[in-house]
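Count along the sequence shown starting at 1, add 3, and that's the number in the working numbering. Even glycine gets a Cβ: it sits at the ideal position worked out from N, Cα and C. Below is one structure, written out as structure tokens, with a few remarks after it.
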Amino acid sequence: MTDTAGKPVGPGPGAGASATGDGLVRRRRRRWGRNSALGAAVLLVVGTGAGWAVYARLSANITADEAAAAELARYERERPTALVRDAQNILLIGSDTRAGDGNGKYGKDAGTERSDTTILLHLAADRRSATAVSLPRDLMVDIPACGQQDGRRSDPVFAMFNHAFQVGGSACTIRTVEKLTGIRVDHHMVLDFSGFKEMVDAVDGVEVCLKEPVDDKAAKLKLPAGKVRLDGEQALGFVRARKSLGNGSDTERMERQQRFLGALVNKVRGSDVLLNPVKLYPVLDAATSSLTTDPELASLRGLYQLVRGLRDIPIERVQFLTVPRESYVYDANRDQLVEPEAERLFARLRADQPVVVTQENAQEVPGQDTGSGAADGPSPAPTFRGRTAAEQTCE
Numbered sequence: 004m005t006d007t008a009g010k011p012v013g014p015g016p017g018a019g020a021s022a023t024g025d026g027l028v029r030r031r032r033r034r035w036g037r038n039s040a041l042g043a044a045v046l047l048v049v050g051t052g053a054g055w056a057v058y059a060r061l062s063a064n065i066t067a068d069e070a071a072a073a074e075l076a077r078y079e080r081e082r083p084t085a086l087v088r089d090a091q092n093i094l095l096i097g098s099d100t101r102a103g104d105g106n107g108k109y110g111k112d113a114g115t116e117r118s119d120t121t122i123l124l125h126l127a128a129d130r131r132s133a134t135a136v137s138l139p140r141d142l143m144v145d146i147p148a149c150g151q152q153d154g155r156r157s158d159p160v161f162a163m164f165n166h167a168f169q170v171g172g173s174a175c176t177i178r179t180v181e182k183l184t185g186i187r188v189d190h191h192m193v194l195d196f197s198g199f200k201e202m203v204d205a206v207d208g209v210e211v212c213l214k215e216p217v218d219d220k221a222a223k224l225k226l227p228a229g230k231v232r233l234d235g236e237q238a239l240g241f242v243r244a245r246k247s248l249g250n251g252s253d254t255e256r257m258e259r260q261q262r263f264l265g266a267l268v269n270k271v272r273g274s275d276v277l278l279n280p281v282k283l284y285p286v287l288d289a290a291t292s293s294l295t296t297d298p299e300l301a302s303l304r305g306l307y308q309l310v311r312g313l314r315d316i317p318i319e320r321v322q323f324l325t326v327p328r329e330s331y332v333y334d335a336n337r338d339q340l341v342e343p344e345a346e347r348l349f350a351r352l353r354a355d356q357p358v359v360v361t362q363e364n365a366q367e368v369p370g371q372d373t374g375s376g377a378a379d380g381p382s383p384a385p386t387f388r389g390r391t392a393a394e395q396t397c398e
């Protein structure tokens with residue numbers, strides 16, 4: 004089985020307040036310039052005939068997942084209800100399909116595809132934090148009966164999580180996630196190998212730090228130790244590699260993917276991409292190419308509506324973690340949820356309550372919800388093992 008990474012949503016900068024009136028004006032002007040760059044680009048391309056062609060091309064790059072929308076509508080009554088207005092949950096799916104331009108060299112096209120990288124991205128209602136939760140591909144879960152490409156319906160089954168995407172595509176994966184977590188999935192995005200590589204190349208590569216040299220023939224990856232800038236092809240090998248990096252586990256690979264996505268977020272935020280039209284277009288082109296989304300997001304305008312809400316999230320509040328998991332009791336090569344820690348995490352995301360992460364190798368620390376109203380004050384929020392995007396830079 005192979006992995007690919009989903010595309011992170013790049014939040015905008017969150018500047019601090021100035022003590023002076025002039026400083027506050029300058030701060031607002033800088034933030035407005037950065038945060039409205041994508042919006043200005045959208046307005047610019049629709050302002051002329053040539054610009055409209057560019058806008059149409061970018062929007063046409065995106066494939067609307069109409070089949071998933073129809074399948075989800077069929078099962079609307081069984082889906083969870085959103086508990087907090089304006090909070091959003093987006094399922095990011097990395098597809099290992101070998102079909103499509105450039106994907107065939109990564110293996111034979113067997114007519115199926117798997118979701119070996121799946122991330123549930125929670126955006127707080129106040130848009131002051133974002134939490135990305137990796138769901139292991141080998142997690143044993145209940146998969147419902149799902150519609151298949153041949154028109155038949157699969158039987159309900161207890162199987163590995165990535166089996167849901169293989170038998171029923173994104174709709175089956177969404178229904179499986181909702182059944183597992185009780186969290187309503189508002190939007191979804193599916194990105195393949197080519198789209199991931201193009202996104203990395205569009206930002207001129209992403210810097211990572213390696214403790215040891217890497218020589219992985221399977222991933223076609225050979226890198227020196229230390230600070231390395233990865234291009235798209237190298238980045239794909241880096242997030243897919245398994246045997247040559249870490250302890251060879253999927254948990255280690257998910258953590259590496261999280262570190263890379265954090266570094267990518269830092270790269271976009273720290274560069275002048277959003278302010279430079281020459282650099283912005285290839286990023287937009289890469290971001291929309293090889294991308295399949297729910298119909299509501301399947302346009303440049305739809306994506307902008309989503310991105311504009313992320314502009315004020317501080318980089319230190321963009322968090323990555325893996326759902327609490329352990330080896331499956333009947334098969335050490337499979338995973339199962341660690342309870343009650345996993346349900347605590349899902350409950351906090353459902354209620355849009357703060358999730359605190361730490362890099363310490365500790366179990367989740369139990370605690371009552373913040374604001375519980377206890378006589379001696381609120382108990383601290385539980386802490387989960389993870390990291391923030393601010394912690395992904397090389398030292």
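From the beta carbon of residue i, is the nearest beta carbon of chain C less than 7 Å away?
{"i": "threonine 386", "result": "Any reference to chain C falls outside this structure, which holds one protein chain only."}
Using a threshold of 7 Å, state whether the C-beta atoms of residue i and residue j are closer than that.
{"i": "cysteine 175", "j": "cysteine 212", "result": "no"}
{"i": "valine 321", "j": "glutamate 329", "result": "no"}
{"i": "alanine 244", "j": "valine 209", "result": "no"}
{"i": "phenylalanine 199", "j": "leucine 224", "result": "no"}
{"i": "isoleucine 96", "j": "valine 160", "result": "no"}
{"i": "glutamate 215", "j": "alanine 228", "result": "yes"}
{"i": "histidine 190", "j": "leucine 300", "result": "yes"}
{"i": "arginine 173", "j": "alanine 71", "result": "The sequence shown places serine at residue 173, rather than the arginine named in the question. Yes, the Cβ-Cβ distance between serine 173 and alanine 71 is below 7 Å."}
{"i": "aspartate 145", "j": "aspartate 297", "result": "no"}
{"i": "aspartate 195", "j": "serine 98", "result": "yes"}
Got a sec? Which residues, its chain only, sit under 8 Å from residue i by beta carbon, not counting five neighbours each side?
{"i": "arginine 180", "result": "The question names arginine, but residue 180 in the sequence shown is valine. For valine 180, where only same-chain residues beyond five positions count, the Cβ hits under 8 Å are Leu94, Thr121, Leu123, Leu138, Ile186, Val188."}
{"i": "phenylalanine 387", "result": "Leu324, Pro327, Glu344, Leu348, Val358, Val359, Val360, Thr361, Glu367"}
Excluding sequence positions up to five away, which residues of its chain have a Cβ less than 6 Å from the Cβ of residue i?
{"i": "histidine 125", "result": "Asn92, Thr134, Leu352"}
{"i": "phenylalanine 263", "result": "Val242"}
{"i": "methionine 163", "result": "Asp141"}
{"i": "alanine 85", "result": "Arg187"}
{"i": "aspartate 89", "result": "Ala128"}
{"i": "methionine 257", "result": "Ser137, Thr325"}
{"i": "methionine 143", "result": "Tyr331, Arg337, Gln339"}
{"i": "threonine 66", "result": "Thr295"}
{"i": "alanine 426", "result": "With the chain represented from 4 up to 398, any question about residue 426 goes unanswered, as that position is not in the structure."}
{"i": "asparagine 64", "result": "Thr291, Ser292"}
Look at the alpha carbon of residue i and the alpha carbon of residue j, and state the distance between them as a whole number of angstroms.
{"i": "aspartate 288", "j": "leucine 183", "result": "34 Å"}
{"i": "valine 217", "j": "glutamate 255", "result": "15 Å"}
{"i": "alanine 127", "j": "proline 317", "result": "12 Å"}
{"i": "aspartate 253", "j": "valine 136", "result": "14 Å"}
{"i": "proline 385", "j": "arginine 130", "result": "21 Å"}
{"i": "alanine 73", "j": "valine 231", "result": "44 Å"}
{"i": "arginine 272", "j": "arginine 337", "result": "37 Å"}
{"i": "aspartate 355", "j": "lysine 220", "result": "43 Å"}
{"i": "valine 87", "j": "alanine 350", "result": "12 Å"}
{"i": "leucine 75", "j": "phenylalanine 168", "result": "14 Å"}
{"i": "arginine 178", "j": "arginine 155", "result": "17 Å"}
{"i": "arginine 390", "j": "leucine 233", "result": "21 Å"}
{"i": "proline 285", "j": "arginine 77", "result": "38 Å"}
{"i": "glutamate 79", "j": "aspartate 315", "result": "33 Å"}
{"i": "alanine 335", "j": "glycine 305", "result": "42 Å"}
{"i": "arginine 32", "j": "arginine 60", "result": "Reliability of the predicted coordinates at arginine 32 is poor, the pLDDT of 44 falling under 50, and no value is obtained from them."}
{"i": "valine 281", "j": "glutamate 201", "result": "16 Å"}
{"i": "glutamate 346", "j": "glutamate 81", "result": "19 Å"}
{"i": "alanine 56", "j": "leucine 226", "result": "41 Å"}
Cutting at 7 Å between CB atoms, please list the residues of its own chain near residue i, excluding the five before and the five after it.
{"i": "serine 1", "result": "Since the displayed the chain opens at 4 and closes at 398, residue 1 lies outside it and no answer follows."}
{"i": "arginine 83", "result": "Per the sequence presented here, residue 83 reads as proline, with arginine not at that position. Here the set comprises Glu181, Gly185, Ile186, Arg187."}
{"i": "valine 332", "result": "Gln339"}
Quiz prompt | Sufficient close CB pairs (3 or more, under 8 Å) joining the segment 201–216 to the segment 307–316 | solution = As far as the Cβ criterion goes, the segment 201–216 does not touch the segment 307–316, which means the pair count is below three.
Exercise. Specify whether the segment 288–303 and the segment 140–160 touch according to this definition: at least 3 beta carbon pairs, one from each stretch, less than 8 Å apart.
Key: Put simply, the segment 288–303 does not touch the segment 140–160. Fewer than three CB pairs are less than 8 Å apart.
Practice problem: With a floor of 3 residues, list each beta strand (DSSP E) that falls wholly inside the segment 209–295, ordered by position along the chain. | Solution: With a minimum length of 3 residues, the continuous beta strand (DSSP E) runs that stay inside the segment 209–295 are 209–213, 217–219, 224–226, 229–233.
Practice problem: Counting only runs of 3+ residues fully inside the segment 63–104, write out the beta strand (DSSP E) ranges in chain order. | Solution: The qualifying runs are 91–97.
Quiz item: If you scan the segment 127–173 from start to end, which runs of the alpha helix (DSSP H) of 4 or more residues do you find wholly inside it?
Solution: Complete alpha helix (DSSP H) runs here, min 4: none at all.
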